[in-house]
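Residue numbers (my numbering): 95 to 223.
These notes concern the structure reproduced below.
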Amino acid sequence: MPIRVLVAKPGLDGHDRGAKVIARALRDAGMEVVYTGLRQTPEMIVDAALQEDVQVIGLSILSGAHNAVVPRVLELLERNGMKDVKVVVGGIVPDRDAEALRQQGVAAVFQPGASLDSIVGFLRDAVSA
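Quick look at the structure:
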């Protein structure tokens, strides 16, 4: 059974090339990928994750809104009984913020320069664990 991943672009950030590259790499690696598109709210993201029965939510954030958006997504997942869904974040996230996000429950933060292979490998390991 393939890993199901929701890739989302929360907030007002209008740049989605990276998210599309990731979505394609995950699909090419045999995962089922749902891409929600631009300007998603945390509520929209969690609703889509619930409807699509995903195992992973990948948030692509370049705007600096990670400290506001990610905790809200985690809160909504918990509220909906979806604590088993892994959340990964990619984009422009300073090291100190990346560590804080991991402490809040984010499975991984992929910063600029992360290889597609490392992302695919991490998701395979995280979901099979």
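Where a beta carbon is used, it is the ideal one built from N, C-alpha and C, also for glycine.
These figures come from a predicted structure and were not determined experimentally.
By the CB criterion at 8 Å, V128 and V150 fall outside the cutoff. Here A192 has V203 as same chain residues with Cβ atoms under 6 Å from its own Cβ, once five neighbours each way along the sequence are excluded. Only residues of its own chain outside the window of five on either side were considered, and among them G105, L106 and D107 have a CB closer than 7 Å to the CB of S157, listed in chain order. Taking the C-beta atoms as reference points, A119 is found nearer than 8 Å to V214. For V221, the enclosing alpha helix (DSSP H) stretches over residues L210 to S222. DSSP links P96 through a beta bridge to no other residue. Under the DSSP definition of a beta bridge, K180 partners with V150.
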